[in-house]
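Each remark here refers to the structure printed beneath this line.
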Amino acid sequence: MTSAVGHHHGPATGITRWLFTTNHKDIGSMYLIFSLLMFFIGGSMALVIRMELVEPGLQVVQPEFFNQMTTMHGLIMVFGAVMPAFVGLANWMVPLMIGAPDMALPRLNNFSFWLLPFAFFMLLSTLVMDGGAPDFGWTFYAPLSTTYAPPSVTFFIFAIHLAGVSSILGAINVIVTIMNMRAPTMSYMKMPLFVWTWLITAFLLVAVMPVLAGTVTMMLTDIHFGTSFFDAGGGGDPVLFQHLFWFFGHPEVYIMILPAFGIISQIVPTFSRKPLFGYASMVYATSSIALLSFTVWAHHMFTVGIPLVGELFFMYATMLISVPTGVKVFNWVATMFRGSMTFETPMLFAIAFIVLFTIGGFSGLMLAISPADFQYHDTYFVVAHFHYVLVPGAVFSIMAAAYYWMPKWTGNMYDEYLGKCHFWCSFVGLNLTFFPMHFVGLAGMPRRIPDYSIQFADFNLVSSLGGFLFGFSQLIFVLVVVKCVKGGKKAEAVVWEGAEGLEWQVPSPAPYHTFETPPEVK
Amino acid sequence: MKSNRKLILQLCGATVGMFLFGFALVPLYDVFCDITGLNGKLELVAKKNTGVIDTSRAIKVQFIANTNENMPWDFVAKDVEMTVHPGENARADFFVQNLTNEQMVGQAIVSVSPSIGAKYFHKTQCFCFDRQVLNGKQAQEVSVLFSLDTDLPDRVKKITLSYTFFDITDLQPVAAN
Ligand code: HEM
Ligand SMILES: [Cu+2]
Chain A
1 MTSAVGHHHG
11 PATGITRWLF
21 TTNHKDIGSM
31 YLIFSLLMFF
41 IGGSMALVIR
51 MELVEPGLQV
61 VQPEFFNQMT
71 TMHGLIMVFG
81 AVMPAFVGLA
91 NWMVPLMIGA
101 PDMALPRLNN
111 FSFWLLPFAF
121 FMLLSTLVMD
131 GGAPDFGWTF
141 YAPLSTTYAP
151 PSVTFFIFAI
161 HLAGVSSILG
171 AINVIVTIMN
181 MRAPTMSYMK
191 MPLFVWTWLI
201 TAFLLVAVMP
211 VLAGTVTMML
221 TDIHFGTSFF
231 DAGGGGDPVL
241 FQHLFWFFGH
251 PEVYIMILPA
261 FGIISQIVPT
271 FSRKPLFGYA
281 SMVYATSSIA
291 LLSFTVWAHH
301 MFTVGIPLVG
311 ELFFMYATML
321 ISVPTGVKVF
331 NWVATMFRGS
341 MTFETPMLFA
351 IAFIVLFTIG
361 GFSGLMLAIS
371 PADFQYHDTY
381 FVVAHFHYVL
391 VPGAVFSIMA
401 AAYYWMPKWT
411 GNMYDEYLGK
421 CHFWCSFVGL
431 NLTFFPMHFV
441 GLAGMPRRIP
451 DYSIQFADFN
461 LVSSLGGFLF
471 GFSQLIFVLV
481 VVKCVKGGKK
491 AEAVVWEGAE
501 GLEWQVPSPA
511 PYHTFETPPE
521 VK
Chain B
1001 MKSNRKLILQ
1011 LCGATVGMFL
1021 FGFALVPLYD
1031 VFCDITGLNG
1041 KLELVAKKNT
1051 GVIDTSRAIK
1061 VQFIANTNEN
1071 MPWDFVAKDV
1081 EMTVHPGENA
1091 RADFFVQNLT
1101 NEQMVGQAIV
1111 SVSPSIGAKY
1121 FHKTQCFCFD
1131 RQVLNGKQAQ
1141 EVSVLFSLDT
1151 DLPDRVKKIT
1161 LSYTFFDITD
1171 LQPVAAN
């Protein structure tokens, strides 16, 4: 709370600035850079996968290593790239958007960040251990992850524990900041949607990350201390694992998409030069998605042998979730309708989000039909579904946010031409990668297999080429960021013509300390 | 800030609460399965037969015998399939042998398919009620006495029981579950 006492100094110099900083902007930047690094590490693993799948047969890697790649790719992207990126955005933007001088718990903030490098160092170090890295899929179903797991599973468990503690502390910080540190005149229903969606996400995190922690703890005791939570021989039940995991897992997928909804709800009005259509309905839709997300977990388990009533309940509950999701899509489109739109890079990413996320929503609806899911389950169709909601969904929203707020962070405009190149290469690359997966999935190609039947060869080649295009075009983003940090056209305080909100009231780049006296909210 | 502290404590409480809730789900799922008979788990207590026999229907009952991974026992169903009327008493025999030279303890776990059948499958006596202790190379015949409930829904024409023997020699005695 140095700022409250009125120290007006800039950041410390050298490495200690980053090690000991309690400044929300520094910590936000560290989260974002960390997640970008993880994005590239996880991405390289995806390229190993795509390299192996260029043609049928085994050519590049051993099946055991292939399994480690699919597992580590999923874990790193979910826990290392997407989640920390959103936390970084929250750190940077939530205080600026609600007119607070910093996060409520600055030292805790520093701690939550520095847990992550340790967690992921530990996770990545399993790659060089005896028996190899975790190879049981990012969903780590027991008994694959207990009885049959490589010895490195213990490191995996502790990595998940650390990352989980980090997210929970981060979430507590966000909640306290939003509930207690808003500018006095900012009522809940005046909060920007990014703040709203993050508040709800933070509650989801507090609710489900501890359940995940409990689940991996049970794995730990099953492996090392002779309990039998998931072992039928000792009176346990492997299906219990799936219930526990998905009780966490389904809310988790919303944790990865609700902040994205918030970002899109900031960007679309700006570049349509119109206020957001249906603000209140957006808030209610987000809340109902969050509540409903606790009632649908078994749609991941339609084939484990749940009884008919269960199949029906989880089928209808899942379909119900698409109603508030549809409300959101409708509102974004209605916001654009008759707006005077321009198409700068953030807006391109946002529009692509709306279109492609909706495709993912539709494939989700297909999967939700439980009799049909018996055919689709564990095929590439599921892979296509969740990559459509996560790549052009979560990842594109993060990219959109980065372009949207980068001038505010650095004080410089990014290179619009390169930004558009990045967008179009990513757009083409990801559709080439993931769209064909729908077809091979429907035709029955199983997921997580290094070799496949010859009939899937052509589509897989397309996927692989698209994957490499997508992967390498992310280097353009790095170039954009580096150039923007180094210099460029100076950004004004209100970077975008139609932008509204407190973050645009502070100069660009945002000074080290902002809003030491709370601003007035219209 | 006082209000911060209160909120933080509440949130930490919620975190701890949810952590414990995760563990509470373990018995809760079991309770739920018990009440509803889901999961194909059978209640492991002997049931009295009411004596009424429904001769209008004949149900196929099949038996599958398995051993869990690496369990060095031989376990086969002698009666692979039989036809019984609901309410009628029946008996199925199995053969089990310890193939090692050491004494071992095994526990059979049963699973019923379709799971709806679990509720209507009554065992008056079963080797799966107890742990089986077999000396090295010892062979034994084991059996289950059972009857089907006359309330068995009409759409169930066939019931499959799958028994799996687990090696519990090294485990603490477990409550059969
Ligand atoms: C309209 C909304 C959605 C519906 C109806 C839906 C439905 C489903 C269903 C039924 C499955 C299980 C498929 C199977 O394994 O057979 C599934 C898997 C999945 N969904 Fe969705 N979903 C929706 C939105 C989302 C969103 C927004 C995300 C994340 C941002 C997401 C992420 C995932 C993931 C990661 C999996 C696969 C998990 C795995 O097995 O590895 N879904 N979805
Ligand atoms: Cu789900």
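So the protein lines, in turn, are chains A and B. If you use this note's numbering, the first sequence closes out at 522, no skipped numbers anywhere. If you use this note's numbering, the second sequence closes out at 1177, no skipped numbers anywhere. Note that the Cβ used here is the ideal one computed from N, Cα and C, for glycine as well. No experiment lies behind these values; they were computed from the predicted model shown.
{"Item": "Could you tell me whether any Cβ in chain A is nearer than 8 Å to the Cβ of Asn-1068 of chain B?", "Value": "yes"}
{"Item": "Taking all protein chains shown into account, do 16 or more other C-beta atoms lie within 10 angstroms of the C-beta of Gly-6 of chain A, making it buried, or fewer, making it exposed?", "Value": "Per-residue confidence for Gly-6 of chain A stands at a pLDDT of 44, beneath the threshold of 50, marking its modelled position as unreliable; the derived number appears in the next sentence. Answer is exposed; the Cβ neighbour count stays below 16."}
{"Item": "Could you tell me which chain B residues have their CB closer than 8 Å to the CB of Pro-238 of chain A, listed as they occur along the chain?", "Value": "Within chain B, no residue comes near Pro-238 of chain A; the closest Cβ sits about 12 Å away, beyond 8 Å."}
{"Item": "Using a Cβ-Cβ cutoff of 9 Å, what residues of the region 207-233 of chain A are near chain B? List them in chain order.", "Value": "Ala-207, Val-208, Met-209, Pro-210, Val-211, Leu-212, Ala-213, Gly-214, Thr-215, Thr-217, Met-218, Gly-226, Ser-228, Phe-229, Asp-231, Ala-232 and Gly-233"}
{"Item": "Whose beta carbon lies closer than 6 Å to any heavy atom of ligand 1, going through the chain in order?", "Value": "A:Thr-139, A:Val-253, A:Met-256, A:Ile-257, A:His-299, A:His-300, A:Thr-318, A:Ile-321, A:Ser-322, A:Thr-325, A:Gly-361, A:Gly-364, A:Leu-365, A:Leu-367, A:Ala-368, A:Asp-373, A:Tyr-376, A:His-377, A:Val-382, A:His-385, A:Phe-386, A:Val-389, A:Leu-390, A:Gly-393 and A:Ala-394"}
{"Item": "So, does the CB of Val-1174 of chain B fall closer than 8 Å to a CB anywhere in chain A?", "Value": "Residue confidence is low: Val-1174 of chain B scores 45 on pLDDT, short of 50, so the model does not pin down where it sits. No coordinate-derived value is stated."}
{"Item": "Expressed to the nearest angstrom, what Euclidean distance is found between the alpha-carbon atoms of Ser-464 of chain A and Ile-41 of chain A?", "Value": "18 Å"}
{"Item": "Count the other C-beta atoms from every protein chain shown that fall within 10 angstroms of the C-beta of Ser-187 of chain A, then say buried if there are 16 or more, exposed otherwise.", "Value": "exposed"}
{"Item": "Could you tell me the distance, in whole angstroms, from the CA atom of Ile-1168 of chain B to the CA atom of Met-1071 of chain B?", "Value": "10 Å"}
{"Item": "Could you please give the first and the last residue of the uninterrupted beta strand (DSSP E) stretch that includes Val-1084 of chain B?", "Value": "1081-1084"}
{"Item": "Determine, using beta carbons only, whether Met-179 of chain A comes closer than 8 Å to chain B.", "Value": "yes"}
{"Item": "Should Ile-200 of chain A go down as buried or exposed, given a rule of 16 or more other Cβ atoms within 10 Å for buried?", "Value": "buried"}
{"Item": "Could you tell me whether any non-hydrogen atom of ligand 2 is closer than 7 Å to the CB of Val-82 of chain A?", "Value": "no"}
{"Item": "Just to make sure I have the definition right: I need the residues of chain B whose C-beta is within less than 8 Å of the C-beta of Val-176 of chain A. Which are they?", "Value": "Asn-1004, Leu-1007, Ile-1008 and Leu-1011"}
{"Item": "What would DSSP say about Pro-1027 of chain B, mapped onto helix, strand or coil?", "Value": "helix"}
{"Item": "Checking 8 Å against the spacing of the C-beta atoms, do Asp-1054 of chain B and Gly-1087 of chain B come in under that value?", "Value": "yes"}
{"Item": "Report the residue from A:Gly-57, A:Leu-469 and A:Val-395 whose alpha carbon sits nearest the alpha carbon of Ile-454 of chain A.", "Value": "A:Gly-57"}
{"Item": "Within its chain, find whatever has a CB closer than 8 Å to the CB of Pro-324 of chain A; leave out the 5 residues flanking it on each side and keep chain order.", "Value": "Tyr-284, Ala-285, Thr-286, Ser-288, Ile-289 and Leu-292"}
{"Item": "Of the choices A:Met-437, A:Ser-29 and A:Ala-372, whose alpha-carbon is the least far from that of Ala-90 of chain A?", "Value": "A:Ser-29"}
{"Item": "Between His-250 of chain A and Thr-318 of chain A, what straight-line distance do the alpha-carbon atoms span, to the nearest angstrom?", "Value": "11 Å"}
{"Item": "Does ligand 2 have even one heavy atom less than 7 Å from the beta-carbon of Val-1026 of chain B?", "Value": "no"}
{"Item": "For the region 307-325 of chain A, list every residue whose C-beta sits within 9 Å of some C-beta in chain B, in sequence order.", "Value": "Pro-307, Leu-308, Val-309 and Gly-310"}
{"Item": "What does Tyr-1163 of chain B pair with, by DSSP beta-bridge criteria?", "Value": "B:Ala-1065 and B:Val-1110"}
{"Item": "Please report the residue range of the alpha helix (DSSP H) in which Thr-325 of chain A lies.", "Value": "308-336"}
{"Item": "Within its chain, find whatever has a CB closer than 7 Å to the CB of His-385 of chain A; leave out the 5 residues flanking it on each side and keep chain order.", "Value": "Gly-360, Ser-363, Gly-364 and Leu-367"}
{"Item": "Which residues, taken in chain order from the region 153-165 of chain A, show a beta carbon closer than 9 Å to some beta carbon of chain B?", "Value": "none"}
{"Item": "How is Ser-228 of chain A classed by DSSP in three states: helix, strand or coil?", "Value": "coil"}
{"Item": "Measure the Cβ-Cβ separation of Asn-23 of chain A and Tyr-512 of chain A and say whether it is below 8 Å.", "Value": "yes"}
{"Item": "Buried or exposed: which applies to Pro-392 of chain A, given that a residue is buried once 16 or more other Cβ atoms fall within 10 Å of its Cβ?", "Value": "buried"}
{"Item": "Closer than 9 Å, Cβ to any Cβ of chain B: which residues of the region 243-274 of chain A, in chain order?", "Value": "His-243, Leu-244, Phe-247 and Phe-248"}
{"Item": "Tell me which residues of the region 78-107 of chain A have at least one Cβ-Cβ distance to chain B shorter than 9 Å, keeping chain order.", "Value": "Ala-104 and Leu-105"}
{"Item": "Under the rule that 16 or more other beta-carbon atoms within 10 Å means buried, what is Gln-1125 of chain B, buried or exposed?", "Value": "exposed"}
{"Item": "Can you list, in chain order, the residues of its chain with a C-beta nearer than 7 Å to that of Ser-473 of chain A? Leave out the 5 residues immediately preceding and following it.", "Value": "His-422, Cys-425, Ser-426 and Gly-429"}
{"Item": "So, for Ser-272 of chain A: in the same chain, excluding its five sequence neighbours on each side, which residues have a beta-carbon less than 6 Å away from its beta-carbon?", "Value": "Thr-335, Met-336, Gly-339 and Met-341"}
{"Item": "Could I get the ranges of all uninterrupted beta strand (DSSP E) runs contained in the region 115-146 of chain A, with 3 residues as the minimum, in chain order?", "Value": "none"}
{"Item": "Run down chain A in chain order and give the residues with a C-beta less than 8 Å from the C-beta of Ile-1109 of chain B.", "Value": "Ala-232 and Gly-233"}
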